[in-house]
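Numbering (our numbering), first residue to last: -7 to 255.
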């Protein structure tokens, strides 16, 4: 029976993409990347309103599977294929038109950092450790880390992690802006689910558009302002714009001091 490398689950509008190689610290080889890409595609389903990405077992993700790399007949070709395929899947994850939460524990290393940064919100167990790890094995960043990490924490700190091999604790990662929230280890799963449920109950289209606007780092200031204007004009026509719709159908908000200035 083939090893289950990635598991996809959904309940109540919340999908979970689970890295499921705990015996290998959820390290990523080519079959894992292929299974991950399939799971991301499933999360585009209309009934999914929020996504949680997590790792099974003691660690979130140790990055690339070094044994698979060593066993490859043509190592350069294998690493190029692995990095390209995983990067495509992670870029697709980042474009999901719905919020994506990473729930991380144990350790997040190498390409695991890229997985985390491709999500929109990160909840970390208190004992988690974060490191780029590439320099310790004589390799270089991949899967978009050179693009994502400096934008998350700033260039000086990104260079410090990449060049010195420094490991961050959960609290340090929060202070640096690498994660949003740190919780006690035993509360991680429940907190991620709580946040997933909260976001799934929200205005999915608007949340998805907000993340896509925030992630568009290529647009100029002028272009972004125009995109925002077009997007908010679209948003006001949708059922989720309940407050605006209420103005058109009733007087229920009259008398509130902020009723005419909610945006």
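Heads up, the beta-carbon is just placed ideally off N, CA and C, and yes, glycines get one too.
Taking the C-alpha atoms as reference points, what is the distance between residue i and residue j?
i, j, result
"residue 97", "residue 107", "13 angstroms"
"residue 138", "residue 103", "11 angstroms"
"residue 8", "residue 80", "19 angstroms"
"residue 196", "residue 91", "8 angstroms"
"residue 194", "residue 214", "29 angstroms"
"residue 221", "residue 127", "44 angstroms"
"residue 185", "residue 63", "38 angstroms"
"residue 147", "residue 3", "39 angstroms"
"residue 179", "residue 66", "43 angstroms"
"residue 122", "residue 157", "10 angstroms"
"residue 69", "residue 61", "10 angstroms"
"residue 332", "residue 101", "Residue 332 is absent from the structure shown; the chain starts at -7 and stops at 255."
"residue 225", "residue 170", "33 angstroms"
"residue 251", "residue 71", "Reliability fails at residue 251, whose pLDDT of 49 lies under 50, so the model's placement of it is uncertain and no value is given."
In or out: residue i buried (at least 16 other Cβ within 10 Å) or exposed?
i, result
"residue 59", "exposed"
"residue 133", "buried"
"residue 110", "buried"
"residue 25", "buried"
"residue 245", "The pLDDT assigned to residue 245 is 49, lower than 50, so where the model puts this residue is not dependable, and the model offers no usable value."
"residue 155", "exposed"
"residue 162", "buried"
"residue 130", "exposed"
"residue -4", "exposed"
"residue 228", "exposed"
"residue 210", "exposed"
"residue 37", "exposed"
"residue 233", "buried"
"residue 190", "exposed"
Beta-carbon within less than 7 angstroms of residue i's beta-carbon, same chain only, minus the 5 sequence neighbours each way: which residues are those?
i, result
"residue 57", "16, 19, 20, 21"
"residue 230", "197"
"residue 135", "75, 78, 79, 82, 103, 106"
"residue 39", "5"
"residue 119", "162, 177"
"residue 142", "150"
"residue 86", "110, 207"
Within the same chain, show all residues whose beta-carbon is closer than 8 angstroms to that of residue i, passing over the 5 residues directly before and after it, in chain order.
i, result
"residue 208", "216, 219"
"residue 84", "29, 32, 33"
"residue 0", "7, 8, 9, 10, 30, 31, 34, 35"
"residue 168", "145, 149, 160"
"residue 172", "113, 114, 115, 166"
"residue -2", "9, 10, 11, 12, 24, 27, 28, 30, 31"
"residue 205", "216, 219, 220, 223"
"residue 73", "22"
"residue 212", "none"
Check the C-beta distance from residue i over to residue j and give it rounded, since I have them as a contact under 8 angstroms.
i, j, result
"residue 99", "residue 54", "7 angstroms"
"residue 43", "residue 88", "6 angstroms"
"residue 124", "residue 153", "5 angstroms"
"residue 95", "residue 181", "7 angstroms"
"residue 192", "residue 41", "4 angstroms"
In its own chain, which residues sit with a C-beta less than 6 angstroms from the C-beta of residue i, not counting the 5 before and 5 after it?
i, result
"residue 47", "11, 18, 53"
"residue 203", "112"
"residue -7", "With a pLDDT of only 44 at residue -7, under the threshold of 50, the placement of this residue in the model should not be trusted, and no figure is reported."
"residue 166", "174"
"residue 183", "115, 175"
"residue 187", "93"
"residue 49", "14"
"residue 140", "109"
Tell me, please, whether the CB atom of residue i is closer than 9 angstroms to any CB atom in chain D?
i, result
"residue 196", "Here chain D cannot be found, since the structure has a single protein chain."
* Asked: Considering only residues of the segment 75 to 114, which uninterrupted beta strand (DSSP E) runs meet the minimum length of 3 residues and lie entirely inside it, listed in chain order?
  -> 92 to 96, 99 to 101
What are the uninterrupted segments assigned as beta strand (DSSP E) that are 3 or more residues long and contained completely in the segment 159 to 229, given in chain order?
-> 173 to 175
### Query
Quick one: complete alpha helix (DSSP H) runs, 4+ long, within the segment 6 to 87?
22 to 34, 58 to 63, 67 to 86
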